[in-house]
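S.K.:
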């Protein structure tokens with residue numbers, strides 16, 4: 001045993017496996033063969049990022065499948081998690097905002113992952129560590145080892161729009177679109193196109209070359 005982490009499930013890390021257990025019963029939910037160094041749950045407990053030394057994996061937690069299971073094998077419940085994405089990137093610090101996974105890397109980049117796409121927020125000149133996000137100000141806050149603080153603007157409206165799209169909730173996404181500044185909409189359109197929503201992308205884009 002190398003470590004235990006909390007969240008909706010208890011995560012026990014060993015040298016070659018990560019085991020998720022139910023808090024109340026202690027029963028094994030799922031065993032995953034990976035040398036994990038950290039586990040990051042989203043606030044709604046629907047998504048989890050598992051970080052190893054040189055990569056991270058985004059999984060969707062199927063709570064309903066776990067609650068309705070009738071049988072489990074030696075590795076737990078097969079349908080407990082679905083793998084959504086895999087990124088060959090080493091994470092230093094990370095947080096979730098909706099379905100968007102924000103992280104810093106060993107190469108001093110500040111990125112976020114959503115829907116299989118990596119968006120670079122900033123190239124940093126030194127190692128910085130994520131502290132949190134203030135939705136009211138749409139700003140990410142970080143600090144260095146000497147406790148010098150840095151912030152970057154990251155529009156909540158864009159993150160909420162992308163989260164709604166990932167959940168296929170286009171009614172909510174459409175209500176958020178007017179709030180997104182026009183100079184950010186072409187980037188949003190490229191995101192839609194990568195998710196396979198070309199029709200919506202053409203409507204959102206502000207770039208004539210992209211639209212036609």
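Numbering (UniProt numbering), first residue to last: 1 to 212. Glycine included, each C-beta is placed from N, C-alpha and C at the ideal position. Since we're looking at a predicted model, the values are computed, not measured.
(1) Can you tell me the Cβ-Cβ gap for residue 17 and residue 33, rounded? I've got them flagged as a contact below 8 Å.
(2) Beta strand (DSSP E) containing residue 47: first to last residue?
(3) Taking C-beta to C-beta, are residue 130 and residue 95 nearer than 8 Å?
(4) Provide the residue span of the beta strand (DSSP E) that contains residue 82, from first to last.
(5) Within the continuous beta strand (DSSP E) that includes residue 147, where are the two ends?
(6) Are the CB atoms of residue 28 and residue 76 nearer to each other than 8 Å?
(7) Rounded to a whole number of angstroms, what is the C-alpha to C-alpha distance between residue 205 and residue 90?
(8) Apply the 10 Å Cβ neighbour rule to residue 201 and answer buried if 16 or more other Cβ atoms are within range, or exposed otherwise.
(9) Taking the alpha carbon of residue 150 as the reference point, which residue from 159, 164, 122 and 54 has its own alpha carbon closest?
(10) Please report the straight-line C-alpha distance between residue 69 and residue 19, rounded to a whole angstrom.
(11) Suppose you measure from the CA of residue 203 to the CA of residue 11; what does that come to, to the nearest Å?
(12) Could you give the residue range of the beta strand (DSSP E) that holds residue 123?
(13) Beta carbon of residue 165, beta carbon of residue 128: below 8 Å?
M.R.: Inspection of the coordinates gives the following:
(1) 6 Å
(2) 47–51
(3) yes
(4) 81–87
(5) No beta strand (DSSP E) holds residue 147; DSSP gives it neither H nor E.
(6) yes
(7) 32 Å
(8) buried
(9) 122
(10) 18 Å
(11) 43 Å
(12) 117–123
(13) no
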